[in-house]
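Down below is the structure, laid out as structure tokens.
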Amino acid sequence: MLSLLPPAFILLIGAILIGPLKGHWRSAVLLAAPLLTLWAVWQVPDGVSLTLPFLGYSIEPLEGSALRRLFATIFALMAFVGGLYAFRHARWYELASGYAYASGAIGVCFAGDLITLFLFWELMALFSTVIVWCGGTPAARAAGIRYAIMHLLGGVILKVGIEGVYIHTGSLEIRPMLADNFDHWMILIGILINAAAPPLSAWLADAYPESSPTGSVFLSAFTTKTAVLALILLFPGEPILIWVGVYMIMYGIIYALLENDARRILAYSIVNQVGFMVCAVGIGTELALNGAAAHAFAHIIYKALLFMSAGVVVYRTGKSKCTDLGGLFRTMPLTTICGIIGALSISSFPLTSGFTTKSMISQAAADGGMATVYFLLAAASAGVFLHAGIKFPWFVFFQKDSGLRPKDAPWNMGAAMVIFSALCLLIGIFPETFYQFLPYQTDYVAYKAGKVLFYLQLLLFSGLAFFLLLPLMKRTLTISLDVDWLWRVAAFRVGSAIYNASSMAGRDIEQGLRDLVARLREFSRRHLGVGKDEASRGLLARSWLIGTTSLWIAVLLTAYMVAYFV
Amino acid sequence: MSERPEDDAWLARPSSIRLLWRAFWAVLALTVIAQVVIKVKGYFVVDGWFAFGAVFGFLSCLLMVLVAKWLGYMLKRDQEYYQEQDDA
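Sequence order for the protein chains is B and Z. Note that our numbering gives residue 381 to position 381 of the first sequence, counting from 1, and the numbers run on in steps of one. Note that our numbering gives residue 1081 to position 81 of the second sequence, counting from 1, and the numbers run on in steps of one.
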């Protein structure tokens, strides 16, 4: 019975139960629902296994494949470990939203048609906005509204594309396409907005760091990675994605280097890492798509781990700016070690999950003879170590002594971090075990002596560059402008300029009308006005003598008669 | 905060930092020298050259830091920038 239920609904029911249940029952649901979902994910067979009528369409809410199960697995796992991390500290509506959000992501994984995909897509947009709002500050409320506008806009664009595809082809099936007509472009743009692709990348670094310490862990996992899955399903081998990805990679590095807020550094590095995946989807070979899927899987783990360690710091100290932090390793050894494992993984250090997954993408670029992409990816790997791998742990846990002596993580947060740290290392040390779950059969070998040596040189010398260039990277109390400046400031200024101009024009017109009325009144007074005596009367208001009047009447009648006879 | 450096955590003492730097230089040297024994496969000729990874890694980081620094002059604003815009 349970195996007939799409896994997304199991988690959604869990999310609904979180509200009414209390105490241990709530904790039990929080921990059991994702595990039950995980079990259900692995019961989904290949191919379409459920077809339902919906508004006159026939939809397929449950279609399985190795790729779909891989993404659903990590989403369910993420919900479990995220729930473990959060369940003693987050408010119930944040937890419920987190689970509903995760169920949306899992729903997208198994969507067999574009309508199902769209419905779960919007479910994610809805509940991720609630999580941003759960930050609870005025800044979080404002960022949540900007976030919601961006995602609703993305949803509308996606829907335009889906409707176009249905009208022009009559099929709602999810199948590979290229950006070769208007409909496909709309779908691509709608997905890319969720992937934080340029020019609309700013929403991510705007919203995620405003959420609560527990909320950011959920946010880091689902939206961008479902977008990657959708790209793998719909646009494998679309060449434009290669350059979109490379841009995202470089954007993430540069903005993270400029940033002072520890969680915003991590947010920028999400864009950077998703860039690797988008680039891989653009390359589109089996190895590249394996790389994109594997890297998404590994990325969710180490990125959540990084947000967890940053979250513990925010939870314990209430601070997230590098300028306020430092020296925390003294009293937070567990958080420091887990943060470093996450940082090494994101930098794709050998023996961590990043190395065994990201190197597939570089290998795919090399196999495809794409020299420019290959060298840019190599430079970016160095840059990731620079901006996230060292910068994050260094400024948060080491650098100067900030004088802060916070306690280490509470047990449940610690346990969540340990689980994900272990997974980072397991995927890094035993990659072959992990590779068998990838969408395509592969005999890719991660560890070759030459390759390991090349990456060690690359990374360690980036580390050297970091410490030698530290004076150039002095933290400042600043933010960095992004494309969203165009609507947060420029559009606002243009709007107020138009408002001012039109209200000034309005004032002029009103004044003109008032003058006109005054002039008309003056005119009528002069010609029609009735005064006290004859001399002050208007021209047309004066009285005539009876004789003059009858003379003029006689003249008129004569003229009339003449005209009649003539 | 500790008064004397030797009371602070081991990692924060100047003597240990000196030691760590020496170890770091040694490891750096080792990764380059190891290329004498271990062949690095070059996919595009140059990446197989001796110490290419080291030089490329260092230079790309240098370039990225400089570009970020330069862009920072244009893009950086005070952290209250958007709040002030809203109030204006």
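The beta-carbon is built from N, C-alpha and C at its ideal position, and this holds for glycine as well. For clarity, every value in this text was computed on a predicted model and none was experimentally measured.
Asked                                                                                                                                                                                 : Found
Scan the segment 430 to 486 of chain B and note each continuous beta strand (DSSP E) run of 3 residues or more that stays entirely inside, going in chain order.                      : 478 to 480
Run through the segment 394 to 434 of chain B for me and flag every whole alpha helix (DSSP H) of 4 or more residues, listed as ranges in chain order.                                : 411 to 429
Going along the chain, which residues of the segment 369 to 402 of chain B sit with their C-beta nearer than 7 Å to a C-beta in chain Z?                                              : ALA371, TYR374, ALA378, ALA379, ALA382, GLY383, LEU386 and ASP401
The beta strand (DSSP E) with PHE54 (chain B) in it runs from where to where?                                                                                                         : 47 to 54
Helix, strand or coil for ARG175 (chain B)? Go by DSSP, reduced to three states.                                                                                                      : coil
Considering Cα atoms alone, identify which of B:ASP113, B:ILE106, B:GLY164 and B:SER201 is closest to MET150 (chain B).                                                               : B:SER201
For PHE71 (chain B), tell me which candidate among B:ALA422, B:VAL160 and B:LEU233 has the shortest Cα-Cα distance.                                                                   : B:LEU233
Could you say which of B:SER171, B:PHE118 and B:PRO213 lies nearest to VAL156 (chain B) if we only look at CA atoms?                                                                  : B:PHE118
Out of B:PRO350, B:VAL228, B:GLY237 and B:GLY414, state which residue places its alpha-carbon closest to the alpha-carbon of VAL313 (chain B).                                        : B:GLY414
Does TYR1043 (chain Z) come within less than 7 Å of chain B when only Cβ atoms are used?                                                                                              : yes
Looking at the unbroken beta strand (DSSP E) that takes in TYR57 (chain B), where does it start and where does it end?                                                                : 57 to 64
Given a threshold of 16 other Cβ atoms within 10 Å of its Cβ, counted over all protein chains shown, does GLU1084 (chain Z) qualify as buried or as exposed?                          : exposed
I think ALA140 (chain B) touches SER1060 (chain Z), with their Cβ atoms under 8 Å apart; what is that distance to the nearest whole Å?                                                : Their Cβ separation, rounded to whole angstroms, is 36 Å, which puts ALA140 (chain B) and SER1060 (chain Z) out of contact at 8 Å.
Can you list, in chain order, the residues of its chain whose CB lies under 8 Å from that of ALA388 (chain B), leaving out five sequence neighbours each side?                        : ALA256, ILE265, LEU266, SER269, ASN272, LEU306, ALA343, ILE346 and SER347
Decide if the segment 276 to 285 of chain B is in contact with the segment 236 to 256 of chain B; the criterion is three or more beta carbon pairs, one per stretch, under 8 Å apart. : yes
I'd like the span of the beta strand (DSSP E) that includes LYS1041 (chain Z), first residue to last.                                                                                 : Note, LYS1041 (chain Z): premise wrong, no beta strand (DSSP E); not H, not E.
Chain B partners of LEU1019 (chain Z), CB-CB under 7 Å?                                                                                                                               : Ordered by position in chain B, no residue passes the 7 Å Cβ test against LEU1019 (chain Z), which lies about 15 Å from the chain.
Determine, using beta carbons only, whether THR336 (chain B) and PRO406 (chain B) come nearer to each other than 7 Å.                                                                 : no
Just to make sure I have the definition right: I need the residues of chain Z whose C-beta is within less than 8 Å of the C-beta of GLY450 (chain B). Which are they?                 : ILE1038, LYS1039, VAL1040 and LYS1041
Where PHE127 (chain B) and TYR147 (chain B) are concerned, what is the direct C-alpha to C-alpha distance, given to the nearest angstrom?                                             : 11 Å
Using a Cβ cut-off of 7 Å (strictly closer), state whether THR478 (chain B) contacts chain Z.                                                                                         : yes
For GLY161 (chain B) versus ASP180 (chain B), is the C-beta spacing smaller than 7 Å?                                                                                                 : no
Answer with buried or exposed for VAL555 (chain B), where buried requires no fewer than 16 other C-beta atoms within 10 angstroms of its C-beta.                                      : exposed
Is LEU12 (chain B) closer than 7 Å to THR37 (chain B) when the C-beta atoms are compared?                                                                                             : no
Please go through the segment 323 to 402 of chain B and give each complete beta strand (DSSP E) segment of 3 or more residues, from N-terminal end onward.                            : none
If I'm right that VAL41 (chain B) touches ALA76 (chain B) with Cβ under 8 Å, what's the distance once you round it to whole angstroms?                                                : 6 Å
Report buried or exposed for MET504 (chain B), applying the criterion of at least 16 other Cβ atoms within 10 angstroms of its Cβ.                                                    : exposed
On the three-state DSSP scale, how would you describe ASP1078 (chain Z)?                                                                                                              : strand
Do ARG263 (chain B) and SER216 (chain B) have their C-beta atoms within less than 7 Å of each other?                                                                                  : yes
DSSP on ASP261 (chain B), reduced to helix/strand/coil?                                                                                                                               : strand
Quick one: grab the DSSP three-state call for ASP180 (chain B).                                                                                                                       : coil
If LEU152 (chain B) and ILE191 (chain B) are in contact, beta carbons under 8 Å, what's the gap, nearest whole angstrom?                                                              : Not quite, the Cβ-Cβ distance comes to about 15 Å (not below 8 Å), so this is no contact.
With three or more beta-carbon pairs closer than 8 Å as the criterion, would you say the segment 283 to 293 of chain B touches the segment 387 to 402 of chain B?                     : no
First and last residue of the alpha helix (DSSP H) that includes TYR147 (chain B)?                                                                                                    : 138 to 169
Use the C-beta contact count for LEU188 (chain B): other C-beta atoms within 10 angstroms, 16 or more gives buried, fewer gives exposed.                                              : buried
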